[in-house]
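I have placed the structure first, in the form of structure tokens, so that the comments after it can refer back to it.
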Amino acid sequence: MNPVTMTTLDSATLQSLTEAPKTPFQLATEEGSLECLDVLRFLPGKRLVLRARFGGEVVIAKCFFGSMANRDMKRELRGIEGFVRAEVPTPELIGSSANQHFHLVLTRELSPVISFDTFWSGQLSDDERRTWLEKISGIIGALHNVGVQQKDIHLDNLLLQDDEIYLIDGGGAEVVNNALPPKEAVENLALFQAVLFPRYDRFIENVWNAYCEAAPELADGTSLESFSLLVQQQRKWRERFVQKALRNCTQFRVEKSWTHFLSVERSLDTPALLEVLADPEQAMAAGKVIKQGRTNTLVVVELSNGEKVLIKRFKSTKGFLHQSLRMLRASRARGCWLNGFLLQMLGVRTPQPYAMLEKRFGPLTTCSYIINSYQPAPNAYDWFAQSPLPDGYHPVANEIGNILTTLQRSLVYHGDLKGNNFLVQDGSASLIDLDSMTSYKNPSKFKRANQQDINRFARNWTDLPLAAEVFSPIINKLKNDRD
49 MNPVTMTTLD
59 SATLQSLTEA
69 PKTPFQLATE
79 EGSLECLDVL
89 RFLPGKRLVL
99 RARFGGEVVI
109 AKCFFGSMAN
119 RDMKRELRGI
129 EGFVRAEVPT
139 PELIGSSANQ
149 HFHLVLTREL
159 SPVISFDTFW
169 SGQLSDDERR
179 TWLEKISGII
189 GALHNVGVQQ
199 KDIHLDNLLL
209 QDDEIYLIDG
219 GGAEVVNNAL
229 PPKEAVENLA
239 LFQAVLFPRY
249 DRFIENVWNA
259 YCEAAPELAD
269 GTSLESFSLL
279 VQQQRKWRER
289 FVQKALRNCT
299 QFRVEKSWTH
309 FLSVERSLDT
319 PALLEVLADP
329 EQAMAAGKVI
339 KQGRTNTLVV
349 VELSNGEKVL
359 IKRFKSTKGF
369 LHQSLRMLRA
379 SRARGCWLNG
389 FLLQMLGVRT
399 PQPYAMLEKR
409 FGPLTTCSYI
419 INSYQPAPNA
429 YDWFAQSPLP
439 DGYHPVANEI
449 GNILTTLQRS
459 LVYHGDLKGN
469 NFLVQDGSAS
479 LIDLDSMTSY
489 KNPSKFKRAN
499 QQDINRFARN
509 WTDLPLAAEV
519 FSPIINKLKN
529 DRD
């Protein structure tokens with residue numbers, strides 16, 4: 049058998065790539081040859097993060113190229129130095145090199161290791177979550193005390209090995225020689241809390257108290273109430289990241305032309321899905337119609353790989369004036385697409401968005417489609433209409449209450465909270481029909497919209513006394529929290 053010849057790439061080739069290179073491949077660098085095993089992150093023309101074999105051990109290689117390569121490498125190294133100065137565990141630096149517009153930083157791979165985001169998504173008790181958040185808050189305080197703040201602070205930048213938390217991504221850190229100004233420090237801590245789903249705001253007091261213990265001088269002068277408000281402001285600010293669903297990046301593949309706009313979740317970008325996107329009308333004609341209205345149509349379609357998806361087409365059959373005005377606005381499929389990822393950011397269950405397609409004539413959208421995972425599940429109205437109520441109704445009602453509380457705390461208006469727009473599955477609930485959903489920045493304007501949402505939700509149960517009794521405390525709490 050002939051040995052497999054591995055492709056060899058150089059720095060010039062990497063800089064010209066528009067898509068992540070296929071692994072494995074060899075990369076020639078000043079530090080030596082890297083056998084690249086996996087691509088962890090790719091930003092065309094800027095950065096490539098690899099898991100690679102170097103000198104007999106597995107390493108993480110950060111490759112920086114382009115005009116900003118030197119700056120980006122220095123930031124990475126300075127961030128790692130800052131972590132070490134704060135005595136915060138971080139993967140060991142092996143080496144670095146610079147060659148014109150190609151720069152490299154090598155760190156030792158931790159193994160076995162788990163992303164803290166993955167760990168946090170598992171089944172943990174409240175006591176366990178509280179303990180971990182207090183530990184992370186202490187780490188953030190230690191960083192702030194020596195002038196380091198992780199600007200790109202999210203759970204994927206924390207790794208867990210043998211109950212030890214390691215901090216990565218030095219390039220996302222800003223480092224100064226003295227302790228941070230208190231205002232910057234508290235805002236950075238609030239940014240960390242804002243990365244968590246709103247349901248974990250019940251631990252805000254624990255996070256704040258742990259930080260006060262780790263960095264008392266920086267916390268002095270800020271109250272718990274002020275910190276809680278900062279968290280809400282930071283979470284609202286983070287919503288802008290949802291817009292990445294409309295551009296080419298690690299998570300999404302985007303196509304733009306005079307005739308169409310397409311965005312696909314890369315992890316779901318399969319040949320079977322592409323067949324449907326090539327001719328959605330043909331796919332819908334062969335599917336099962338769930339709903340057919342004047343402005344939208346819902347069809348369940350089976351892909352060639354056997355997977356079922358739900359296609360929602362938006363195309364108005366109303367008068368010419370309505371159609372013309374609709375063409376000039378952002379498509380409703382685009383709104384659903386962005387809102388689906390906003391709900392994911394907020395920790396609200398909703399069918400997974402696969403792809404969004406707009407048929408266009410230049411700037412005008414003539415028809416649009418969104419493709420989501422298909423969830424064959426009863427809606428909440430039908431489920432709670434049973435008498436007696438089904439087993440496990442309390443957890444389902446509580447989850448619906450959690451969804452409503454999350455929307456309220458996040459200043460998000462759904463627009464049609466009828467029972468049919470909640471699906472009940474696996475002892476939990478998910479929210480659908482997102483094309484009218486709106487995120488508010490002004491709390492006063494949101495208060496009026498939220499009142500409409502709560503009132504619409506309450507009307508679901510007027511003819512279902514058993515369900516009304518279950519949801520009454522939830523509705524009353526929402527009203528009290530709003531006021």
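Under this note's numbering, the first residue of the sequence shown is numbered 49, with each subsequent residue one higher. Heads up, the beta-carbon is just placed ideally off N, CA and C, and yes, glycines get one too.
Handout entry: Check whether L514 and V396 have beta carbons under 7 Å apart
Key = no
Practice task
Tell me, to the nearest whole angstrom, how far the beta carbon of L96 is from that of V107; I am working on the premise that it is less than 8 Å.
Solution key: That pair is no contact at about 14 Å.
Exercise for the section: Work out the CA separation of G219 and T53 for me, nearest whole Å. Expected result: 34 Å
Handout entry: Bounding residues of the beta strand (DSSP E) (the contiguous stretch that carries H192)
Key = Looking at the DSSP string, H192 is not in any beta strand (DSSP E); the run it does join, the alpha helix (DSSP H), is 174-193.
Exercise for the section: Taking only beta-carbon positions, decide if A68 is within less than 7 Å of chain D. Expected result: The chain inventory of the structure shown lacks chain D, comprising one protein chain alone.
Practice task
Give a yes or no on whether the C-beta atoms belonging to R178 and A242 are separated by under 7 Å.
Solution key: no
Practice task
Give the DSSP bridge partners of H308, in chain order.
Solution key: K407
Handout entry: Option in K527, S492, E447 with minimal Cα separation from R247
Key = E447
Handout entry: Cβ shell of A134 (< 6 Å), same chain only, five flanking positions each side left out
Key = A190, L191, V194, V196
Practice task
Look up L8 in the DSSP assignment and say whether it is helix, strand or coil.
Solution key: No statement about residue 8 is possible, as the shown extent of the chain runs from 49 to 531 and does not include it.
Problem - Inter-residue Cα distance where the pair is E78 and K284 - result: 44 Å
Practice task
Determine, using beta-carbon pairs with one atom in the region 222-238 and one in the region 139-154, whether at least three such pairs fall under 8 Å.
Solution key: no
Problem - Touching by the beta-carbon criterion (3+ pairs, under 8 Å), the region 500-517 and the region 473-492 - result: no
Handout entry: L172, buried or exposed, once every other Cβ within 10 Å from all chains shown has been counted against 16
Key = exposed
Handout entry: Same chain, Cβ closer than 6 Å to L346, five either side skipped, listed in chain order
Key = I338, K339, K360
Practice task
Could you work out which residue in I216, A334, Q281 is closest to E235 when comparing CA atoms only?
Solution key: Q281
Handout entry: Nearest-angstrom Cα separation, counted from S379 out to P411
Key = 11 Å
Problem - Alpha carbon of P521 to alpha carbon of A117, nearest angstrom - result: 56 Å
Exercise for the section: Please name the residue, chosen from G449, P399, N420, F470, that lies closest to D430 on a Cα-to-Cα basis. Expected result: F470
Problem - Nearest-angstrom Cβ-Cβ length linking L215 and V136, presumed shorter than 8 Å - result: 5 Å
Problem - Contact check, N387 vs N427, beta carbons under 7 Å - result: no
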